[in-house]
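*Asks:*
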Amino acid sequence: MKSNLGFWKKLKKPILALAPMADVTDSAFRQVILKRGKPSIFFTWFVSADGLSSKKGKKNLLKDLYFTESERPIVAQIFGAKPENIFQAAKLVKKLGFDGLDINMGCPDKKILKQGAGGALIKNPALAKEIILAAQKGAGNLPISVKTRLGFDSDILNEWLLTILKTNPAAITIHARTVKELSGVPARWERIGEAVKIRNKYKSNALIIGNGDVKDLKDAFQKAKKYKADGIMLGRSAFGNPWIFNEKIKKENLSREKIFQALLEHALLFKKIYPRRNFAVMKKHFASYISGFSGAKEIRSRLMESKTASESVSVLKSFLERLK
Ligand SMILES: Cc1cc2nc3c(=O)[nH]c(=O)nc-3n(C[C@H](O)[C@H](O)[C@H](O)COP(=O)(O)O)c2cc1C
Numbered sequence: 003m004k005s006n007l008g009f010w011k012k013l014k015k016p017i018l019a020l021a022p023m024a025d026v027t028d029s030a031f032r033q034v035i036l037k038r039g040k041p042s043i044f045f046t047w048f049v050s051a052d053g054l055s056s057k058k059g060k061k062n063l064l065k066d067l068y069f070t071e072s073e074r075p076i077v078a079q080i081f082g083a084k085p086e087n088i089f090q091a092a093k094l095v096k097k098l099g100f101d102g103l104d105i106n107m108g109c110p111d112k113k114i115l116k117q118g119a120g121g122a123l124i125k126n127p128a129l130a131k132e133i134i135l136a137a138q139k140g141a142g143n144l145p146i147s148v149k150t151r152l153g154f155d156s157d158i159l160n161e162w163l164l165t166i167l168k169t170n171p172a173a174i175t176i177h178a179r180t181v182k183e184l185s186g187v188p189a190r191w192e193r194i195g196e197a198v199k200i201r202n203k204y205k206s207n208a209l210i211i212g213n214g215d216v217k218d219l220k221d222a223f224q225k226a227k228k229y230k231a232d233g234i235m236l237g238r239s240a241f242g243n244p245w246i247f248n249e250k251i252k253k254e255n256l257s258r259e260k261i262f263q264a265l266l267e268h269a270l271l272f273k274k275i276y277p278r279r280n281f282a283v284m285k286k287h288f289a290s291y292i293s294g295f296s297g298a299k300e301i302r303s304r305l306m307e308s309k310t311a312s313e314s315v316s317v318l319k320s321f322l323e324r325l326k
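One point on numbering: in my numbering, the residue at position 90 of the sequence shown is 92, and numbering is uninterrupted.
1. Determine contact between the region 19-37 and the region 198-206, defined as no fewer than three beta-carbon pairs at a distance below 8 angstroms.
2. So which of 288, 154, 275, 225 has the shortest CA-CA distance to residue 112?
3. Less than 8 angstroms between the C-beta atoms of residue 214 and residue 291, yes or no?
4. How is the beta strand (DSSP E) around residue 79 delimited, first residue to last?
5. Starting from residue 157, trace the alpha helix (DSSP H) both ways and give me its first and last residue.
6. Taking 8 angstroms as the cut-off, decide whether the C-beta atoms of residue 194 and residue 178 are in contact.
7. Of all the options 63, 95, 44, which has the alpha carbon lying nearest to the alpha carbon of residue 276?
8. Indicate the three-state DSSP secondary structure (helix, strand or coil) for residue 243 in the structure shown.
9. Between 11, 6, 88, which lies nearest to residue 232 when the distance is taken from Cα to Cα?
10. Can you give me the Cβ contacts of residue 25 inside the same chain, cut-off strictly under 6 angstroms, excluding the 5 residues immediately before and after it?
11. Name the residue from 166, 152, 174 whose alpha carbon lies nearest to the alpha carbon of residue 187.
12. Return yes when the C-beta of residue 287 is under 7 angstroms from any heavy atom of ligand 1, and no when it is not.
13. Among all the DSSP beta bridges, which residues are the ones paired with residue 18?
14. With C-beta atoms as the reference, is residue 114 less than 8 angstroms away from residue 133?
15. Using beta-carbon positions only, say whether residue 220 and residue 266 come within less than 8 angstroms of one another.
16. CA-CA distance, residue 279 and residue 84?
17. Buried or exposed for residue 184, going by 16 or more other Cβ atoms inside 10 Å?
18. At which residues does the beta strand (DSSP E) containing residue 195 begin and terminate?
19. Do residue 317 and residue 302 have their beta-carbon atoms positioned less than 8 angstroms apart in this structure?
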């Protein structure tokens, strides 16, 4: 049987995806990115299916699923280990108007593993299958994808990938490390090449997206070609660099004014969309944006002293004024 690719079918290859990153890739950051060079696809960070299935949890978590039309195509990522809650969450994701649903089967966080979710599902293929099927049932015609790793404590890609392929997902993103390895060893990209071969041998039309340590767009294009991946996902290289998907612009060649302006826009959007979110989230961005030029340290520490988004906006505005 062929997979339902939905919107994935329309994407130009190599597909370029911004990785889901908790507390980093919210709608504010996604909007700052898309104005400077839009990836083929955005993901929300992972949201608990159990939480979404409870009234109180749902109220809190809906802000993590906020998006604007300009961010399309956008896929909601969920995690969980209870098929019934995955089914309910998938129904909600469909109702909220997302273009697709992704299931996290790679997260190494202890709290997630303890629930039997994220990377723990690699050790429980029968449940993993049930979860994908529950998502497909709940999400109606939305394409379902999976984000995973090479294995739990050893590389079992060959058998694990077949388990997933049997459920006919639209796409599989593979972070080329095991769960145990966290991010501590270089990603093994030759395994992405192997994943593509396995998919071809199985005669599946599911897309294979490679992930791990991609530095920039040039690196992404090279890896897509070398390993024949349908797409490439970039994560940490986007920290403080909303120009990451722009082929013509390199952040290191930009003026401080341009960088401050992007950060100011980011802080203003954060303040508008998430008035009650912990401001510490925004501070992580300050450190990533403001680095690599003279005077960066002083500006960074002034920004770090601000206690609210409004305060940081005033600091940034005054720095921008001084540059004029
Ligand atoms: C701060 C942070 C948060 C992350 N949150 C998620 C998440 O919510 N869901 C997910 O599937 N992966 C998450 N990841 C993993 C990334 O999506 C990606 O797989 C990993 O960073 C490797 O890619 P990179 O080398 O391009 O960063 C997170 C990574 C980081 C650094």
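Ideal Cβ placement from N, Cα and C applies to all residues, glycine included.
*Replies:* Straight from the coordinates:
1. With the cut-off at 8 angstroms, the region 19-37 and the region 198-206 do not touch.
2. 154
3. no
4. 76-81 is the extent of the beta strand (DSSP E) around residue 79.
5. First-last for residue 157: undefined, no H or E at that position.
6. Yes, the pair counts as a contact, with Cβ atoms nearer than the cut-off.
7. 63
8. coil
9. 11
10. Around residue 25: 283.
11. 152
12. Answer for residue 287: no, Cβ out of range of ligand 1.
13. Per DSSP, the beta-bridge partners of residue 18 are 234.
14. no
15. no
16. 28 angstroms
17. exposed
18. Counting along the chain, residue 195 falls outside any beta strand (DSSP E), though it belongs to the alpha helix (DSSP H) covering 192-203.
19. Cβ atoms of residue 302 and residue 317: not closer than 8 angstroms.
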